[in-house]
Amino acid sequence: MQVPILSKEQIARKIKRMAYEIWEENSKEKEVIIFGIAEGGAVLASSLKKVLDKESDLKTTLEILKLDKQHVTTFSHKPSSGIKGKSIVIVDDVANSGKTLLYVMKPLLDFEPKKIQLVVLVDRKHKNYPVVPDVIGFSVASTLQEHIRVSCEGDKITGAFLE
1 MQVPILSKEQ
11 IARKIKRMAY
21 EIWEENSKEK
31 EVIIFGIAEG
41 GAVLASSLKK
51 VLDKESDLKT
61 TLEILKLDKQ
71 HVTTFSHKPS
81 SGIKGKSIVI
91 VDDVANSGKT
101 LLYVMKPLLD
111 FEPKKIQLVV
121 LVDRKHKNYP
131 VVPDVIGFSV
141 ASTLQEHIRV
151 SCEGDKITGA
161 FLE
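Reminder that position 25 of the sequence shown reads as 25 in the numbering used here, one-by-one numbering, no gaps.
Listed below in structure tokens is the structure:
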């Protein structure tokens, strides 16, 4: 059974608020590198970048991280942008177990960023890994058997559901 937890309109408002939170945390930075985890995280990252580019004077660069979420332990990535000494923002649609965010962070630490911010649209409170996002659109307490799914159409997020 699918239960809607966020509508398209609610998501649009959350994205704007989340972008402002990112801007506030990085107001003294010259540049922020945004890493969007494909698929849903990439759509969210692109939406956040659009708001930041329109509303702020913060220079943003977007990189898309493609990985097999079933085999995240094999993920490695060499950023196309230099991230040493820079603030980076890692974006995913949902923090389910926390595993994906943790394994994405791991190789990026080798490039010595100044700081890392984790951003998710939906944070599931029952995680298996000690990952706490810095910017959260919506938090939901669910059972271990339930799953959260974010739906996208093209470059827009159209809903979030508890299944």
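Beta carbons are placed, not taken as given, at the ideal position from N, Cα and C, and that holds for glycine.
Buried or exposed (CB count within 10 angstroms, at least 16 for buried), residue i
i           : result
residue 70  : exposed
residue 8   : exposed
residue 18  : buried
residue 87  : buried
residue 40  : buried
residue 49  : buried
residue 117 : buried
residue 45  : buried
residue 133 : buried
residue 80  : exposed
residue 14  : buried
residue 154 : exposed
residue 52  : buried
Nearest neighbour of residue i, chosen from the options [CA to CA]
i           : options        : result
residue 150 : 43, 22, 32, 25 : 43
residue 177 : 13, 21, 11     : With the chain covering only 1 through 163, there is no way to say anything about residue 177.
residue 158 : 2, 1, 3, 10    : 10
Sequence-distant residues of its chain with Cβ nearer than 7 Å to residue i (five each side left out)
i           : result
residue 26  : 32, 58, 87
residue 144 : 126
Spatial neighbours of residue i in its chain, beta-carbon cut-off 8 Å, leaving aside the 5 residues before and after
i           : result
residue 148 : 5, 94, 96, 122, 124, 140, 142, 160, 161, 162, 163
Same chain, Cβ closer than 6 Å to residue i, neighbours up to 5 away in sequence not counted
i          : result
residue 61 : 33, 81
Original post:
Using 8 Å as the threshold, is the segment 118 to 129 in touch with the segment 55 to 70, meaning 3 or more CB pairs across them?
Top reply: Result no; under three Cβ-Cβ pairs closer than 8 Å.
Original post:
What runs of the alpha helix (DSSP H), each 4 residues or longer, lie entirely inside the segment 85 to 110?
Top reply: Uninterrupted alpha helix (DSSP H) stretches at least 4 residues long and entirely within the segment 85 to 110 occur at 99 to 109, given in chain order.
Subject >> Meets three-Cβ-pair contact criterion under 8 Å: the segment 45 to 61 and the segment 104 to 112 >> reply: Inter-segment contact for the segment 45 to 61 and the segment 104 to 112 is absent: fewer than three beta-carbon pairs are separated by less than 8 Å.
**OP:** Starting from the N-terminal side, write out each stretch of the alpha helix (DSSP H) that is 4 residues or longer and does not extend beyond the segment 37 to 89.
**Re:** Runs of the alpha helix (DSSP H) inside the segment 37 to 89: 40 to 55.
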